[in-house]
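Enquirer:
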Amino acid sequence: MQEKEVEIVRILRAGPGNEKKYVSGQALSSRLGVSRTAVWKHISNLRKMGFLIEASPSKGYSLKGEASFNGVEIRSALTTGTIGKKVFFYPSIDSTNIKAFELARSGEPEGTVVIADAQSNGKGRIGRRWESPPGVNVYTSIILRPDCPPQAAQNLTFLSAVAVAEAVGAVCPGRPTVKWPNDILIDSRKVAGILLEMDSEADRVHFVIAGIGVNVNMKAMMLPDPVRSIATSLAEKSGHEVDRTHFVRTLYASVEKWYKIYLMEGFGPILSAWKGYFDAEGKPVKVISFNRSISGICAGVDESGALLVRDPAGAVVRIISGDAERG
Ligand code: BTN
4 MQEKEVEIVR
14 ILRAGPGNEK
24 KYVSGQALSS
34 RLGVSRTAVW
44 KHISNLRKMG
54 FLIEASPSKG
64 YSLKGEASFN
74 GVEIRSALTT
84 GTIGKKVFFY
94 PSIDSTNIKA
104 FELARSGEPE
114 GTVVIADAQS
124 NGKGRIGRRW
134 ESPPGVNVYT
144 SIILRPDCPP
154 QAAQNLTFLS
164 AVAVAEAVGA
174 VCPGRPTVKW
184 PNDILIDSRK
194 VAGILLEMDS
204 EADRVHFVIA
214 GIGVNVNMKA
224 MMLPDPVRSI
234 ATSLAEKSGH
244 EVDRTHFVRT
254 LYASVEKWYK
264 IYLMEGFGPI
274 LSAWKGYFDA
284 EGKPVKVISF
294 NRSISGICAG
304 VDESGALLVR
314 DPAGAVVRII
324 SGDAERG
């Protein structure tokens, strides 16, 4: 969703004043300063994004309808400088992470976001599926291009968790918590998940895709078992529908804020903010890491964010990747 598309929607919404609100291709072309062929291309992009635009050879274009959650509204709502500078919106897509990966490979800049109303192949962590029905949630992927070695990209896992937790906390009563490394919970039920994917050389990151799925207005009963019993949504917890466009604005602003802090001050402030949402220390925990199950008492995280688990023999095991459940 780029500037020309946003401008076309503004023009079509206003119309020229007559009751049918048709705007000629010529008028659009001169107001936008582009050729009529380019106008046609932008109109066809808008149609793919859920705008119902009628074209008449004699009268021009007329906007007949639009989805309430759409790229134009999202882009107009944004207050950020970098995150969301370019917005690619889809009514439905296989996975926003897959699309963002393709776009990043083809050179789209840092801060470009992909957002969809529905996903047919939403990807979760550890090869799981992310349920992505239409009309209710937020599925978005953000392209980041940190200048760092691949090992440091792991820091962005914690950064995304802090940003999502902050955005969730801003629209929902009660403080969210994080489950190591980056699930966001409210009252022990999962409300958001994050999937980080990366393209790199041995010593340099090309780009990172931060894929974020937030259950906004979904009812947990819409989910299949066994996810149903462990999931919730912002609406269920706040007792009212949450405006998805407003939530996306809050989310991107939060990602931008924490990413700036990370670039200027490093991982320290990110990890300490993350610890403020982490409530498992001192509690029993069970971690599955690379097909190995480790149970014990959570001893917090170290300075790199690795999970520390004190096993029954008293030894502290350091875990860099895996899935942690309450033991
Ligand atoms: C998890 O397993 O907790 C991570 C879920 C991440 C889901 C999001 S939805 C937007 C983005 N696109 C995907 O295919 N996955 C991520």
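Sequential numbering of the sequence shown, starting at 4, is according to our numbering.
Note that CB positions come from ideal geometry on N, CA and C, so glycine has one too.
Measuring only from the beta carbon, is R128 closer than 6 angstroms to any heavy atom that is part of the ligand BTN?
Expert: As a first step, residue 128 must be located in the sequence shown, where it is residue number 125. Flag set: Cβ of R128 near the ligand BTN.
Enquirer: How long is the line joining the alpha carbons of G269 and I323, rounded to whole angstroms?
Expert: Within the sequence shown, numbered from 1, the residue matching residue 269 stands at position 266. Within the sequence shown, numbered from 1, the residue matching residue 323 stands at position 320. So the two alpha carbons sit approximately 19 angstroms from each other.
Enquirer: For F104, report the span of its alpha helix (DSSP H) as first-last.
Expert: Taking the first residue of the sequence shown as position 1, residue 104 is located at position 101. Where F104 is concerned, the enclosing alpha helix (DSSP H) stretches over 99 to 108.
Enquirer: In the DSSP assignment, the beta strand (DSSP E) including F92 goes from what residue to what residue?
Expert: Indexing the sequence shown from 1 puts residue 92 at position 89. Residues 90 to 93.
Enquirer: Please classify A318: does DSSP put it in a helix, a strand, or coil?
Expert: The residue given as residue 318 occupies position 315 in the sequence shown. Residue state, collapsed to three classes: coil.
Enquirer: List the whole-angstrom C-beta distance separating R313 from A302, where the pair is believed to meet the contact cut-off of C-beta under 8 angstroms.
Expert: Stepping through the sequence shown from its first residue, residue 313 is reached at position 310. Stepping through the sequence shown from its first residue, residue 302 is reached at position 299. Sure, about 5 angstroms apart at Cβ, within 8 angstroms.
Enquirer: Go ahead and pull the three-state DSSP assignment for M52.
Expert: Indexing the sequence shown from 1 puts residue 52 at position 49. Note: M52 maps to coil in three-state DSSP.
Enquirer: Could you tell me the alpha carbon to alpha carbon distance between R247 and V219, rounded to whole angstroms?
Expert: The sequence position of residue 247 within the sequence shown is 244, counting from 1. The sequence position of residue 219 within the sequence shown is 216, counting from 1. When rounded, the distance between both Cα atoms is 7 angstroms.
Enquirer: Alpha carbon to alpha carbon, how far is S292 from R128? Give it in angstroms, no decimals.
Expert: The residue you call residue 128 lines up with position 125 of the sequence shown. The residue you call residue 292 lines up with position 289 of the sequence shown. Approximately 13 angstroms between the Cα atoms of the pair.
Enquirer: In angstroms with no decimal places, state the Cα-to-Cα distance between S307 and V230.
Expert: Translated into positions along the sequence shown, residue 307 becomes position 304. Translated into positions along the sequence shown, residue 230 becomes position 227. Taking the straight line from one Cα to the other gives about 30 angstroms.
Enquirer: What whole-angstrom Cβ distance do L159 and A213 have, given they're in contact under 8 angstroms?
Expert: The residue labelled residue 159 in the question sits at position 156 within the sequence shown. The residue labelled residue 213 in the question sits at position 210 within the sequence shown. The pair is a contact, with the Cβ atoms about 6 angstroms apart (cut-off 8 angstroms).
Enquirer: State the start and end residues of the unbroken beta strand (DSSP E) segment that holds H209.
Expert: The sequence position of residue 209 within the sequence shown is 206, counting from 1. Per DSSP, H209 belongs to the beta strand (DSSP E) from 208 to 217.
Enquirer: Is G138 near the ligand BTN, judged by its Cβ being under 6 angstroms from some heavy atom?
Expert: Sequence index remark: in the sequence shown, residue 138 carries index 135 (1-based). No.
Enquirer: Which residue from I215, C175, L199, D186 puts its Cα closest to that of V245?
Expert: Working through the sequence shown from its first residue, we reach residue 245 at position 242. When only C-alpha atoms are compared, the closest one is C175.
Enquirer: Return the CA-CA distance between A170 and L254, expressed in angstroms with no decimal places.
Expert: By 1-based counting over the sequence shown, the position of residue 170 is 167. By 1-based counting over the sequence shown, the position of residue 254 is 251. Cα-Cα distance, rounded: 5 angstroms.
Enquirer: Looking at the structure shown, is I86 part of a helix, part of a strand, or coil, going by DSSP?
Expert: Walking along the sequence shown from the start, residue 86 turns up at place 83. Here I86 sits in coil by DSSP.
Enquirer: Residue ranges of each beta strand (DSSP E) run of no fewer than 3 residues wholly in the region 227 to 306, ordered along the chain?
Expert: If we require 3 residues or more, the beta strand (DSSP E) runs fully inside the region 227 to 306 come out as 287 to 292, 295 to 304.
Enquirer: Compare the Cα-Cα distances from V211 to each of E284, I14, S163, S38 and report the closest residue.
Expert: The residue given as residue 211 occupies position 208 in the sequence shown. Nearest of E284, I14, S163, S38 to V211, Cα basis: S163.
Enquirer: With R16 as the anchor, note down where its alpha helix (DSSP H) starts and where it stops.
Expert: By one-based count along the sequence shown, residue 16 stands at place 13. Where R16 is concerned, the enclosing alpha helix (DSSP H) stretches over 6 to 17.
Enquirer: Quick one: any contact between the region 77 to 93 and the region 194 to 207, if contact means 3 or more CB pairs under 8 angstroms?
Expert: Counting Cβ pairs under 8 angstroms, fewer than three are found: no touch.
Enquirer: Determine the DSSP secondary structure at I77, reduced to helix, strand or coil.
Expert: As a position in the sequence shown, residue 77 is number 74, starting the count at 1. Three-state result, I77: helix.
Enquirer: Start and end of the beta strand (DSSP E) containing G114?
Expert: By 1-based counting over the sequence shown, the position of residue 114 is 111. Per DSSP, G114 belongs to no beta strand (DSSP E) and is neither H nor E.
Enquirer: Counting only runs of 3+ residues fully inside the region 121 to 159, write out the beta strand (DSSP E) ranges in chain order.
Expert: Within the region 121 to 159, the complete beta strand (DSSP E) runs of at least 3 residues are 141 to 147.
Enquirer: Looking only at its own chain, which residues have a Cβ that is under 6 angstroms from the Cβ of Y25, when we skip the five neighbours before and after it?
Expert: In the sequence shown, counting from the first residue as 1, residue 25 sits at position 22. If we look at Y25 and ignore the five residues flanking it on each side, its Cβ neighbours are K62, G63, S65.
Enquirer: Bridge partners for S203 per DSSP, in chain order?
Expert: If you number the sequence shown from 1, residue 203 lands on position 200. Paired residues: V208.
Enquirer: Whole angstroms are fine: how far does the CA of I264 sit from the CA of V304?
Expert: Here residue 304 refers to the residue found at position 301 of the sequence shown. Here residue 264 refers to the residue found at position 261 of the sequence shown. Spanning the two alpha carbons is a distance of roughly 21 angstroms.
Enquirer: On a CA-only basis, which of V208, F104, G138, M52 is nearest C151? Give me that one, please.
Expert: In the sequence shown, the residue the question calls residue 151 occupies position 148. C151 has its Cα closest to that of V208, out of V208, F104, G138, M52.
Enquirer: For G28, report the span of its beta strand (DSSP E) as first-last.
Expert: For this step, residue 28 is matched to residue 25 along the sequence shown. G28 -> not in any beta strand (DSSP E); alpha helix (DSSP H) instead, spanning 28 to 35.
Enquirer: Which residues mark the beginning and the end of the beta strand (DSSP E) in which A327 is found?
Expert: Start at 1 with the first residue of the sequence shown, and residue 327 comes out as number 324. From DSSP, the beta strand (DSSP E) with A327 extends over 326 to 329.
Enquirer: If you draw a straight line from the alpha carbon of V167 to that of G28, how long is it in whole angstroms?
Expert: As a first step, residue 167 is located in the sequence shown; it is residue number 164 there, counting from the start. As a first step, residue 28 is located in the sequence shown; it is residue number 25 there, counting from the start. Using only the alpha carbons, I get a separation of about 42 angstroms.
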